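Peer 1: Pasting a structure here, questions to come.
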Amino acid sequence: MRKYLTNDEVIIIHKNLIDEFGGLHGIRDNNSLESAVMRSQSGYYEDIYEEASALMESLASNHSFVDGNKRISFFAT
Numbered sequence: 231m232r233k234y235l236t237n238d239e240v241i242i243i244h245k246n247l248i249d250e251f252g253g254l255h256g257i258r259d260n261n262s263l264e265s266a267v268m269r270s271q272s273g274y275y276e277d278i279y280e281e282a283s284a285l286m287e288s289l290a291s292n293h294s295f296v297d298g299n300k301r302i303s304f305f306a307t
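In the working numbering, each residue's number is its place in the sequence shown (first place is 1) plus 230.
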């Protein structure tokens with residue numbers, strides 16, 4: 231059984247990344263964050279690599295955070 235990241239876990243990772251590398255804290259759109267996190271869990275993707283790719287793409291392109299969207303997409307996958 232796979233363990234998927236939750237919204238809260240992604241928010242904690244983002245906070246740690248901003249603290250370490252700089253940038254602005256804050257969530258721009260919580261609904262788009264939830265959408266990005268849940269996309270990889272939809273059951274549509276054939277394997278863990280496709281799920282990780284979907285998570286990475288969604289986190290980077292949804293711009294859920296004020297800053298660091300590409301960073302969180304990389305570190306969350």
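Glycine included, every Cβ here is placed at the ideal spot set by N, Cα and C. Model, not experiment: these values are computed from the prediction.
(1) Rounded to whole angstroms, how far is the Cβ of Leu-247 from the Cβ of Arg-301, which I believe are closer than 8 Å?
(2) Taking all protein chains shown into account, do 16 or more other C-beta atoms lie within 10 angstroms of the C-beta of Leu-254, making it buried, or fewer, making it exposed?
(3) Let me confirm a value: Met-231 is counted as buried when at least 16 other C-beta atoms fall within 10 Å, else exposed. Which label applies?
(4) Under a Cβ-count criterion, where at least 16 other Cβ atoms within 10 Å of its own Cβ denotes burial, should Phe-304 be classed as buried or exposed?
(5) Round the Cβ separation of Arg-258 and Ser-294 to the nearest angstrom and send it over; I've been treating them as touching at under 8 Å.
Peer 2: On the basis of the coordinates in this document:
(1) 5 Å
(2) By the 10 Å Cβ count, Leu-254 comes out exposed.
(3) exposed
(4) Residue environment for Phe-304: exposed (fewer than 16 other C-beta atoms within 10 angstroms of its C-beta).
(5) 6 Å
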